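Take a look at the structure below.
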Amino acid sequence: MPTQPDASAAGAEYSLGDLQGLMLLKRSTGALALDGTAAIRLPSIQAPSLEGLSVAVPAPAPVTEDDIMERFDALCRERAPRRERTPGEEVAEGDDVLLDVLGYADGRLIPFSVRTDWSVEVAPEPLLPGFFEALVGATVGLSIGVELVLPETYAVASLRGATARFIVDVKAAHEVTPLEADSPELLTLLDAGATIEDVLQRLAEELFEERETEAQRELQERVMDALIERTHVALSQGLIDEEIRHQWAVVEYPVLVGKGFTPEELDEAWDGWRTDIATRLDAEWRLRGALALQAIAERDEVRPTFEDAEAFHDAITGSTEVSSEELEKLFDTSPTVLQRFENLVMHAATLDHVLSKVEVTVG
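Now the structure itself:
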């Protein structure tokens, strides 16, 4: 079996990325289970029992004054005037920059380090100490090498404490002029209320809604954890490999092809994902969850309603730059995308069915 995905298949997968990203779980269900055209045969399982299913979840975190002021500062920065720096200008601290990034350690591409069109502020970041500080003085339009020691909190456990080198393309930069608190234009630029008090109230309400949404997601994930504990299935290492490959084909493969990586370099990049322990555990979690929901849907005869599909459709168009017309066109031209959308709706409806059977303790 070739290690590199077919380019056309990767493109089809990539066009569905927004749909998968809007799955109700923070860790979306298995890509293989959502791909109705997959050549991989998934195992059949006995649906786990929902009897006596209970979970405990923490109460949503309260919204504090500090939270509100932090969001206010972020809004001020978002609405602040900007000037695009011309190619050849130097990046300054506080700029907004557009980057492409590749990270290497021990002569190999670091898994999950590939970023393209990354829009970010040039400001210290504890998760990458020294990275953004090194961008100060970099030339817009050119590349820069950044070397640093990965912190003990780095996502890939095996690379914590390792020396890494990042190749950074500085594609664009914008100088940001901070908004002054006493500026007569402040409220006009913020466009979020007639008075500062109105703006802060609106931000507090947004934060409260976000906490409620996050609490719901936490509940869903804990329910899935409990459900997966009741799901008995032997997953082969090859099946887990294919689940990870589906993700790699969406997230990293097209970028590396565009960067001119050789077949050997692509194999090495894929191997970094395949051998990462946390990635394998997460892929197994997703597959078990997907199989459990499929089996429950069949046993309990779950049938999504038109309203379920419409709500999911609206969630996609409301949370992405994809218009309703563009989404409908995508469905018309790609049966695979349409089928996977329908599968996502089924998974969401089945999860709602499971949630209706769960005893929840908050606190």
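Going by our numbering, the first residue of the sequence shown is number 126, and it counts up by one from there.
The beta-carbon is built from N, C-alpha and C at its ideal position, and this holds for glycine as well.
Computed from a predicted model, the values in this text were never measured in an experiment.
DSSP three-state assignment for Arg-424, whether helix, strand or coil:
The residue you call residue 424 lines up with position 299 of the sequence shown. Of the three classes helix, strand and coil, the one that applies to Arg-424 here is helix, per DSSP.
Please state whether DSSP places His-299 in a helix, a strand or coil.
The residue given as residue 299 occupies position 174 in the sequence shown. Three-state result, His-299: strand.
Does the pairing of the segment 169-188 with the segment 414-433 give three or more beta-carbon distances under 8 Å?
Three or more beta-carbon pairs drawn from the segment 169-188 and the segment 414-433 are found closer than 8 Å, and the two stretches are therefore classed as touching.
Please name the residue, chosen from Tyr-279, Arg-240, Asp-225, Met-349, that lies closest to Gly-266 on a Cα-to-Cα basis.
What you label residue 266 is simply residue 141 of the sequence shown in a count that begins at 1. Cα-wise, what sits closest to Gly-266 is Asp-225.
Would you call the CB atoms of Ala-298 and Val-222 closer than 7 Å?
Residue mapping note: residue 298 aligns to position 173 of the sequence shown, counting from 1. Residue mapping note: residue 222 aligns to position 97 of the sequence shown, counting from 1. Taking 7 Å as the Cβ cut-off, Ala-298 and Val-222 qualify as a contacting pair.
DSSP-derived helix/strand/coil call for Ile-269
Along the sequence shown, read from residue 1 onward, the residue named residue 269 stands at position 144. Of the three classes helix, strand and coil, the one that applies to Ile-269 here is strand, per DSSP.
In whole angstroms, what is the alpha-carbon distance linking Glu-215 and Thr-264?
Against the sequence shown, residue 215 aligns to sequence position 90. Against the sequence shown, residue 264 aligns to sequence position 139. Distance between the alpha carbons of Glu-215 and Thr-264: 5 Å.
Taking 7 Å as the threshold (C-beta atoms), are Leu-311 and Leu-304 in contact?
As a working note, residue 304 is residue 179 in the sequence shown. As a working note, residue 311 is residue 186 in the sequence shown. Result yes, Cβ atoms of Leu-304 and Leu-311 sit closer than 7 Å.
Spatial neighbours of Ala-259 within its chain, please: CB distance less than 6 Å, with the 5 preceding and 5 following residues excluded, ordered by chain position.
Taking the sequence shown and counting its residues from 1, the one referred to as residue 259 is at position 134. Result list for Ala-259: Val-271, in chain order.
Taking the beta carbon of Asp-457 as the centre, do at least 16 other beta carbons fall within 10 Å, making it buried, or is it exposed?
As a position in the sequence shown, residue 457 is number 332, starting the count at 1. Answer is exposed; the Cβ neighbour count stays below 16.
Taking the alpha-carbon of Tyr-378 as reference, which of Ile-365, Trp-398, Gly-363 has the nearest alpha-carbon?
For the purposes of this step, residue 378 is identified with residue 253 of the sequence shown, where counting begins at 1. Ranking the options by Cα distance to Tyr-378, first place goes to Trp-398.
Buried or exposed by the 16-neighbour rule on C-beta atoms within 10 Å, applied to His-357:
Position 232 of the sequence shown, counting from 1, holds the residue named residue 357. Label assigned to His-357: exposed.
Shortest alpha-carbon distance to Pro-185 belongs to which of Pro-249, Arg-336, Leu-227, Leu-284?
On the sequence shown, position 60 is the one that residue 185 refers to. It is Arg-336.
For Asp-294, which beta-bridge partners are listed by DSSP?
Reading the sequence shown from its first residue, position 169 is the one you call residue 294. Asp-294 is bridged to Asp-225, Ser-268.
For the pair the segment 469-482 and the segment 425-440, tell me if three or more CB-CB distances fall below 8 Å.
yes
Which one or two residues does DSSP pair with Arg-207 in a beta bridge?
Locating residue 207 in the sequence shown gives position 82, where the first residue counts as 1. Answer by DSSP bridge pairing, in chain order: Val-301.
Drop a sphere of 10 angstroms on the beta-carbon of Ile-369, count the other beta-carbons inside from all chains shown, and report buried for 16 or more, exposed for fewer.
For the purposes of this step, residue 369 is taken as the residue at position 244 of the sequence shown. Counting Cβ neighbours within 10 Å, Ile-369 comes out buried, since at least 16 surround it.
Would Leu-315 and Val-324 qualify as a contact pair, given that the criterion is a beta-carbon distance under 7 Å?
Taking the first residue of the sequence shown as 1, we reach residue 315 at position 190. Taking the first residue of the sequence shown as 1, we reach residue 324 at position 199. Against a cut-off of 7 Å, the Cβ pair of Val-324 and Leu-315 comes out as a contact.
From the DSSP output, which residues share a beta bridge with Glu-246?
The residue you call residue 246 lines up with position 121 of the sequence shown. DSSP, once it has assigned bridges, lists Asp-221 as partnering Glu-246.
Nearest to Arg-196 by alpha carbon, out of Ala-181, Arg-327, Pro-183?
In the sequence shown, the residue the question calls residue 196 occupies position 71. Considering only alpha carbons, the answer is Arg-327.
Can you look up Arg-370 in the DSSP assignment and give me helix, strand or coil?
Position 245 of the sequence shown holds residue 370. Residue state, collapsed to three classes: helix.
Let's see if you can read the secondary structure: which residues bound the alpha helix (DSSP H) around Ala-473?
As a first step, residue 473 is located in the sequence shown; it is residue number 348 there, counting from the start. Per DSSP, Ala-473 belongs to the alpha helix (DSSP H) from 460-480.
Shortest alpha-carbon distance to Thr-189 belongs to which of Ile-353, Thr-320, Ala-329, Trp-243?
Residue mapping note: residue 189 aligns to position 64 of the sequence shown, counting from 1. Among Ile-353, Thr-320, Ala-329, Trp-243, the Cα nearest to that of Thr-189 is on Ala-329.
So Ile-353 and Val-281 are in contact, right, with Cβ under 8 Å, and what is the actual spacing, rounded?
For the purposes of this step, residue 353 is identified with residue 228 of the sequence shown, where counting begins at 1. For the purposes of this step, residue 281 is identified with residue 156 of the sequence shown, where counting begins at 1. Not confirmed; about 24 Å, so no contact.
Roughly how many whole angstroms lie between the Cα atoms of Glu-409 and Leu-167?
Residue 409 sits at position 284 when you count from the first residue of the sequence shown. Residue 167 sits at position 42 when you count from the first residue of the sequence shown. Answer to the nearest angstrom: the Cα atoms are 13 Å apart.
Can you name the start and end residues of the alpha helix (DSSP H) that Val-382 belongs to?
Taking the sequence shown and counting its residues from 1, the one referred to as residue 382 is at position 257. Taken as a continuous stretch (DSSP letters only), the alpha helix (DSSP H) holding Val-382 covers 378-383.
Measure the beta-carbon distance from Gln-437 to Leu-469 and round it to whole angstroms, keeping in mind my assumption that it falls under 8 Å.
The residue given as residue 437 occupies position 312 in the sequence shown. The residue given as residue 469 occupies position 344 in the sequence shown. Sequence inspection shows Phe at residue 437; the Gln mentioned does not correspond to that position. That belief holds up - the Cβ atoms of Phe-437 and Leu-469 are roughly 7 Å apart, short of 8 Å.
Can you give me the start and stop residues for the alpha helix (DSSP H) that Leu-338 sits inside?
Taking the first residue of the sequence shown as 1, we reach residue 338 at position 213. In the sequence under discussion, the amino acid at residue 338 is Thr, which differs from the Leu named in the question. Start and end: 321-354.
Tell me the DSSP secondary structure of Ser-283 in three-state form.
Indexing the sequence shown from 1 puts residue 283 at position 158. Residue state, collapsed to three classes: helix.
Residues bridged to Arg-233 (per DSSP):
Taking the sequence shown and counting its residues from 1, the one referred to as residue 233 is at position 108. Ala-230.
Minimum C-alpha distance to Ala-317 - residue among Leu-200, Ser-444, Val-479, Gln-362:
The residue you call residue 317 lines up with position 192 of the sequence shown. That would be Leu-200, whose Cα lies nearest to the Cα of Ala-317.
Should Met-471 be labelled buried (16 or more other beta-carbon atoms within 10 Å of its own) or exposed?
Mapped onto the sequence shown, residue 471 falls at position 346. The residue in question, Met-471, is buried, as its Cβ has 16 or more Cβ neighbours within 10 Å.
My assumption, with CB atoms under 8 Å, is that Asp-294 sits in contact with Ser-268. Please give the rounded CB distance.
Against the sequence shown, residue 294 aligns to sequence position 169. Against the sequence shown, residue 268 aligns to sequence position 143. Right, the Cβ-Cβ distance comes to about 5 Å (below 8 Å), so this counts as a contact.
Just how far apart, CA to CA, sit Gly-228 and Ser-444?
Taking the sequence shown and counting its residues from 1, the one referred to as residue 228 is at position 103. Taking the sequence shown and counting its residues from 1, the one referred to as residue 444 is at position 319. Near 30 Å, if we compare the C-alpha coordinates of Ser-444 and Gly-228.
Please state if the CB of Leu-480 and the CB of Ala-78 are separated by a distance shorter than 7 Å.
Look at the range of the chain in this structure, 126 to 488, and you will see that residue 78 is not part of it.
Look at Leu-273 and Ala-287 and say whether their C-beta atoms are less than 7 Å apart.
In the sequence shown, counting from the first residue as 1, residue 273 sits at position 148. In the sequence shown, counting from the first residue as 1, residue 287 sits at position 162. No. Outside cutoff.
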